[in-house]
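Q: In the working numbering, the protein residues as written are 13 to 114.
1) Within the continuous alpha helix (DSSP H) that includes residue 100, where are the two ends?
2) If we count the other Cβ atoms within 10 Å of its Cβ and call it buried at 16 or more, is residue 53 buried or exposed?
3) So, helix, strand or coil for residue 31, using DSSP?
4) I'd like to check one pair, residue 94 with residue 84: are the Cβ atoms closer than 8 Å?
5) What would DSSP say about residue 57, mapped onto helix, strand or coil?
6) On the DSSP letters alone, give me the boundaries of the alpha helix (DSSP H) that residue 84 sits inside.
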């Protein structure tokens, strides 16, 4: 909602319009999820789940590599914390994956 509201507010100066569009964008996701579930509820297979999770995982890695890391380096040009935090984040994720297997 905030990512939708701020640009609209700064472009128009209208708080009500920004709030309205933030609410509309926030409500659209659960409505689309319910609609998708209603249409595809009986069609989900293990293969479809594998395809969907693979696609989403690829999108997340792409966003991280192309957007998040370069932005972090822009705020830390001397690389005093970004690399360390990146490694700590990977360790946390690896540990959580191991713990979920127990």
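In this text, a Cβ means the ideal position worked out from N, Cα and C, and glycines have one as well. Note that the coordinates shown come from a computational prediction; the quantities given were computed from them, not determined experimentally.
A: Considering the structure as presented:
1) 94-113
2) exposed
3) helix
4) yes
5) coil
6) 81-87
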